[in-house]
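Numbering (the UniProt record's numbering), first residue to last: 1 to 173.
Set out below in structure tokens:
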């Protein structure tokens with residue numbers, strides 16, 4: 001994936017112009033890495049979830065975008081509760097997309113097929129509007145080669161080459 005680093009204002013302009021994705025890592029979670037042994041999708045009590053700080057961070061992300069008149073055309077999310085909650089608190093909606101699911105630890109074999117699906121989606125991204133994809137650090141790194149903290153995002157312009165990362169945004173700080 002090609003890469004450029006633009007200013008925050010330029011990244012907001014790119015989202016306004018459309019044909020772009022705001023790829024957001026879920027907000028701050030309770031302490032830990034990964035999920036507890038035996039976690040199950042659809043059962044939040046078995047997962048590592050957002051902390052109160054992460055819930056507030058998610059709301060600030062949505063407010064920061066709304067204050068700039070930026071409303072995503074679509075909001076896609078991993079099925080992990082921390083991603084769903086980030087999407088709901090920031091944008092008020094979400095659609096589960098398995099391509100955004102974590103492939104941390106035992107799901108590592110999913111990395112290449114999921115990343116290929118994300119690249120295909122970027123290649124066919126419609127020009128009007130932008131999409132928000134709420135996911136995990138492993139997905140963002142696999143697609144862009146960039147590491148982001150919880151609640152940070154990258155802006156990617158779609159295109160036939162699988163997209164170009166325009167830069168990083170920290171919206172909920």
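Think of the CB as a built atom: it goes at the ideal place given N, C-alpha and C, for glycine as much as any other residue.
Values in this document were obtained by computation on a predicted structure and should not be read as measured data.
Starting from residue i, follow the beta strand (DSSP E) in both directions and report where the run begins and ends.
i           : result
residue 153 : 152-157
residue 182 : Outside the displayed range of the chain (1 to 173) lies residue 182, so it cannot be described from this structure.
residue 77  : 74-77
So is residue i buried or exposed if we call it buried at 16+ other beta carbons inside 10 Å?
i           : result
residue 151 : buried
residue 43  : exposed
residue 9   : exposed
residue 157 : buried
residue 17  : exposed
residue 90  : buried
residue 33  : exposed
residue 45  : exposed
residue 38  : exposed
DSSP three-state call for residue i: helix, strand or coil?
i           : result
residue 28  : coil
residue 62  : helix
residue 146 : coil
residue 40  : strand
residue 138 : helix
residue 100 : helix
Nearest-angstrom Cα distance between residue i and residue j?
i           : j           : result
residue 48  : residue 143 : 23 angstroms
residue 69  : residue 113 : 34 angstroms
residue 40  : residue 72  : 29 angstroms
residue 146 : residue 102 : 16 angstroms
residue 168 : residue 149 : 10 angstroms
residue 116 : residue 165 : 16 angstroms
residue 88  : residue 94  : 6 angstroms
residue 162 : residue 120 : 6 angstroms
residue 80  : residue 12  : 27 angstroms
residue 64  : residue 171 : 6 angstroms
residue 84  : residue 127 : 25 angstroms
At what residues does the alpha helix (DSSP H) containing residue i begin and finish?
i           : result
residue 12  : 8-17
residue 190 : Outside the shown range of the chain (1 to 173) lies residue 190, about which nothing can therefore be said.
residue 169 : Counting along the chain, residue 169 falls outside any alpha helix (DSSP H), though it belongs to the beta strand (DSSP E) covering 164-170.
residue 127 : Neither: residue 127 is in no alpha helix (DSSP H) and is coded neither H nor E.
residue 82  : 81-91
Legend entry - Segment contact, 8 angstroms Cβ cut-off, at least three pairs: the region 19-29 with the region 123-134: yes
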